[in-house]
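Everything below concerns the one structure shown next.
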Amino acid sequence: MINEDYKAMLGGKSVIRELSEYATARGKEIGYENVFDYSLGNPSVPAPAAFTDAMVDLYEHGDPVAIHGYSPSLGIPEVKDAIAANLNERFGMDYTGNHIFPTTGAAGALAHAMRAVTKPGDEIITFAPYFPEYQPYVKGTGAKLTIVPADTENFQINFEAFEKALNPGVMAVLINTPNNPSGAVYSAETLERLAGVLRAKQTEYGHDIFLVSDEPYREIVFDGGTQAYPAKYYDNTLTCYSWSKSLSLPGERIGYVAVNPKATDAELLVPMMGQISRGTGHNCPPSSIQLGVSKVLDKTADLSVYETNMNLLYDALTGIGFDVVRPGGTFYIFPKALEDDATAFCLKAKEHDLILVPSDSFGVPGYFRMAYCIDTEKVKRSIPALEKFAKEEYGVN
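Quick note, the sequence shown lines up with residues -7 to 389 if you use this note's numbering.
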């Protein structure tokens, strides 16, 4: 008999993927340049030349056996050492290579981190708005995911609701900053307060509570700012990262878990993740990609286009009359819809060839997400369509 749980999941296809597929099909009818597709968070800028050069050099001059051979189960030592050194230099940490576990993207990092610090039946807390795939990620561990309602004023943490949700069954808290879908960047003050609450609850409950920090948008921060590093504020932090966004390498599926050296049992967690891989069939990312990214840890793609696009959209949306919290980073903006039913709102937008994602799956009703990782020229052309949509459907002048 086939697995009924996975069979049931076939009926719960990702709304984002469905919209992206619709946009592709619609593009075949009218030309994709005429479909304003804000559905999918797929980087729109090329990887930096330095990465391509590093890969070409590896293939031309590297040892073919090393490039194409199996990676050690805990990752390639020199790659892990390079990642640790880069994090230490950037964030004042004390990682060694033994605290780094390479993974297939941030999703792989989250899968290992959550399994390392929870068991089936435990509780993980996260904060709305949140990435919808957290639901299947957590379900796959056997843990329960609890969603704390959003602070819609600025999309930082709703601490009043958070403290009400905490209980002795909580073994991990999952954060995502800069945040998908809101674009919010958690401030140092937010992270300090979060750390204080967690330290107090660890003492009260008599057990560790781990912070799992999902950070694939870490380098996409606007107005000359930076993302405060969560692990600096809280010892029991597992940092989950991917180069999908910073280097524009989503298809390469390369990331890592970094275990804070001050965490409880820090020396055991990476070897434990190796054992988790045995049970999930993960078995490390490709050797060549590990080696390639280790050569360009101080590089990013040209991320400036995202701030340009954000400013264009923020100005346009607020000018039309949308209620919008200005993003501090990522390539997402999360305005309030012009009616309470976000799905109905986005269906009406589709009639204007505007592909917007309703907010229900992000845990916040009445909003919509726009992934503006598209050409700036297309953002500019979409603004008249947004104005026409708001006027014809909602009478907004």
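Backbone N, C-alpha and C define an ideal beta-carbon position, used for all residues, glycine too.
Test item: CB-CB of residue i and residue j under 8 Å
{"i": "Leu32", "j": "Ser12", "result": "yes"}
{"i": "Val356", "j": "Pro121", "result": "yes"}
{"i": "Tyr87", "j": "Ala250", "result": "yes"}
{"i": "Ala329", "j": "Phe323", "result": "no"}
{"i": "Gln148", "j": "Thr182", "result": "yes"}
{"i": "Ala101", "j": "Thr110", "result": "no"}
{"i": "Leu190", "j": "Ile116", "result": "no"}
{"i": "Glu259", "j": "Thr231", "result": "no"}
{"i": "Thr256", "j": "Asn228", "result": "yes"}
{"i": "Leu105", "j": "Val204", "result": "Position check: residue 105 holds Ala in this sequence, whereas Leu was assumed. Contact flag set, yes."}
{"i": "Ser234", "j": "Gly97", "result": "yes"}
{"i": "Ala377", "j": "Tyr30", "result": "no"}
{"i": "Ala164", "j": "Phe123", "result": "no"}
{"i": "Ile59", "j": "Leu289", "result": "no"}
{"i": "Ser240", "j": "Ala293", "result": "yes"}
{"i": "Ile325", "j": "Leu305", "result": "yes"}
{"i": "Tyr298", "j": "Ile92", "result": "no"}
{"i": "Pro327", "j": "Leu66", "result": "no"}
{"i": "Ala99", "j": "Tyr51", "result": "no"}
Spatial distance of residue i from residue j (CA atoms)
{"i": "Thr133", "j": "Ile(-6)", "result": "20 Å"}
{"i": "Gly358", "j": "Thr335", "result": "8 Å"}
{"i": "Asn172", "j": "Asn252", "result": "24 Å"}
{"i": "Ala39", "j": "Val285", "result": "11 Å"}
{"i": "Asn78", "j": "Pro319", "result": "27 Å"}
{"i": "Met85", "j": "Pro69", "result": "19 Å"}
{"i": "Gly311", "j": "Tyr14", "result": "29 Å"}
{"i": "Gly161", "j": "Leu261", "result": "21 Å"}
{"i": "Glu184", "j": "Ala192", "result": "12 Å"}
{"i": "Leu348", "j": "Ile8", "result": "9 Å"}
{"i": "Tyr221", "j": "Ala42", "result": "26 Å"}
{"i": "Lys287", "j": "Ser238", "result": "14 Å"}
{"i": "Ala0", "j": "Gln127", "result": "14 Å"}
{"i": "Asp73", "j": "Gly89", "result": "4 Å"}
{"i": "Asp315", "j": "Asp(-3)", "result": "39 Å"}
{"i": "Ala17", "j": "Lys342", "result": "13 Å"}
{"i": "Asn34", "j": "Phe83", "result": "27 Å"}
{"i": "Glu152", "j": "Gly113", "result": "25 Å"}
{"i": "Cys365", "j": "Gly3", "result": "28 Å"}
{"i": "Asp49", "j": "Ile75", "result": "20 Å"}
{"i": "Lys131", "j": "Ala46", "result": "38 Å"}
{"i": "Asp345", "j": "Gly217", "result": "34 Å"}
{"i": "Asn168", "j": "Arg245", "result": "18 Å"}
{"i": "Thr368", "j": "Leu295", "result": "12 Å"}
{"i": "Val57", "j": "Lys291", "result": "27 Å"}
{"i": "Thr44", "j": "Ser279", "result": "16 Å"}
Per DSSP, cross-strand counterpart(s) of residue i
{"i": "Met362", "result": "Ile325"}
{"i": "Phe202", "result": "Ala164"}
{"i": "Phe43", "result": "The partner list for Phe43 (beta bridge, DSSP) is empty, contrary to what the question assumes."}
{"i": "Leu309", "result": "Paired residues: none, contrary to the question."}
{"i": "Phe93", "result": "Val249"}
{"i": "Leu346", "result": "Phe28"}
Chain C contact for residue i (CB, 8 Å cutoff)
{"i": "Thr218", "result": "The displayed structure is made up of one protein chain only, and chain C is not part of it."}
**Message:** If contact is defined by three or more beta carbon pairs under 8 Å, each pair taking one atom from either stretch, is the region 261 to 278 in contact with the region 139 to 158?
**Reply:** no
**Prompt:** Using 8 Å as the Cβ pair cut-off and three pairs as the minimum, do the region 166 to 183 and the region 213 to 225 touch?
**Reply:** yes
**Request:** Could you pull out every unbroken beta strand (DSSP E) segment of at least 3 residues lying fully inside the region 109 to 190, listed in chain order?
**Result:** The region 109 to 190 contains these whole beta strand (DSSP E) runs: 115 to 119, 136 to 140 and 162 to 168.
**Prompt:** Any contact of the region 257 to 268 with the region 11 to 31, i.e. 3+ C-beta pairs under 8 Å?
**Reply:** no
**Prompt:** Hey, which unbroken runs of the beta strand (DSSP E) at 3 residues or more fall wholly within the region 196 to 260?
**Reply:** 202 to 206, 229 to 234 and 247 to 251
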